[in-house]
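These notes concern the structure reproduced below.
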Amino acid sequence: MAEPTTPVADETLVEEVRRGSAAAFDTLVRRHYRAAFAVALGTCGNAMDAEDVCQDAFLRALERLEDCRHPERFAAWLLRIVRNRAHNFREYRAIRAGVPLEGMSPTSSSDSARDLLRAELRGRLERALALLSTPERQVVLLHDLDGWRHREIANALEISETRSRQYLFHARRKLRDALGADVLQEYLHEA
Amino acid sequence: MKHDRVDFNALDPTADPRRFDDTVRAITSGAASELVRRRAVASVVGQIVIWRRPLLMAATLTALVSGTALWHAHRSSQAAQTSGVVEALGVPAFMASWVRADETPTPAQLLVALEEDR
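Here the protein sequences come in this chain order: L and E. Just so we're aligned, residue 538 is where the first sequence starts under our numbering, counting upward by one. Just so we're aligned, residue 44 is where the second sequence starts under our numbering, counting upward by one.
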């Protein structure tokens, strides 16, 4: 099915989901998954946990959809849930002191050379991201992974735009120090 | 500055469309029961919302008509009740008029009235 020229506004989708529309919920998930993943990864530190947190957060958001007083700002509201769930998940992990899943790739079942390279890159990125503070990770991932602007990040993470820029600056510098310019170059080619 | 951007493509959960579809499907199937519940609620609430305006108008009209009718009935029954009591007790007409007007007659008025009545 062809995508409509003007995407349906979040506000409309939220109203439809409130009435039980599975299609509207599907659209909301697809639209905001990457941002949710960025925030979850920023808090949890690894992709596998971040995916679990995202799944949990979307279901939680659906259950509490009546609490979303400003459906036009659904993304910011959702990300607050993601942050809380990710925070709880991290604490739960710390209590369990389980073996971290870093290095395990969600697509590790595939043994193609490209997927192996991708898994290796993911592992290196995760290790580099682990050197950042939680807000630095969240800002750099929202900005560079999902293309958010500082104003949107500031609104969603409840920080100032200046702070968002500072976090991004420090995050990128730390990532470059950790990964090296050649590795970053490698990523650019990979893209 | 675009060249400053860190390439997180390797971490992008949407980069592999098939895998992303699986992820979304896992979430939507987990949400199925809640969506069914919402549809059921919406069907009941929806009917109420659709009929809310006509129901409110009908209720308002009924209340107005009933209120007016009750007020008229109350007034006429009150008047009939007062005159009936006065007649039953054999109260003279001039005294009844004092009672209705809530007036206290002066001793002189009372004397004149009693004399006239005699």
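Don't be surprised by glycine CBs; every beta carbon is placed ideally from N, CA and C. In this text, all values refer to a predicted model and were calculated from it rather than measured experimentally.
The beta carbon of G557 of chain L falls within 7 angstroms of a beta carbon belonging to chain E, placing the residue at that interface. Separation of R688 of chain L and W614 of chain L (C-alpha to C-alpha, rounded to the nearest whole angstrom) is 15 angstroms. Bounds of the alpha helix (DSSP H) holding V566 of chain L are A559 to C581. Here W94 of chain E is exposed: its Cβ has fewer than 16 other Cβ atoms, across all protein chains shown, within 10 Å.
In this structure, the alpha-carbon of A75 of chain E lies about 8 angstroms from that of A559 of chain L.
By the Cβ test, the segment 664–677 of chain L is in contact with the segment 700–719 of chain L, since at least three Cβ pairs between them sit closer than 8 angstroms. With a threshold of 7 angstroms between beta carbons, A53 of chain E makes contact with chain L. Under the Cβ criterion of 7 angstroms, R567 of chain L is counted among the residues facing chain E. Taking the C-beta atoms as reference points, R655 of chain L is found no nearer than 7 angstroms to C581 of chain L.
Remark: C-beta atoms of F611 of chain L and V551 of chain L approach each other more closely than 7 angstroms. Residues of the segment 681–704 of chain L with a C-beta less than 8 angstroms from any C-beta of chain E: D681 and L682, listed in chain order. For F562 of chain L, the nearest beta carbon of chain E is closer than 7 angstroms to its own beta carbon. For D55 of chain E, there is no enclosing alpha helix (DSSP H), as DSSP marks it with neither H nor E.
Considering only L:R710, L:A708 and L:V676, the residue with the shortest C-alpha distance to I696 of chain L is L:V676. Straight-line spacing of the CA atoms in A584 of chain L and M100 of chain E works out to 57 angstroms. Rounded to the nearest whole angstrom, the CA to CA distance from L599 of chain L to V88 of chain E is 18 angstroms.
At a beta-carbon threshold of 8 angstroms, the residues of chain L lying near V67 of chain E are D563, V566, R567 and Y570, ordered along the chain.
An exposed status is given to V92 of chain E, since fewer than 16 other beta-carbon atoms sit within 10 Å of its beta-carbon. If the five residues before and after R597 of chain L are omitted, its C-beta is found closer than 8 angstroms to the C-beta atoms of I618 and R622, all from its own chain and listed in chain order.
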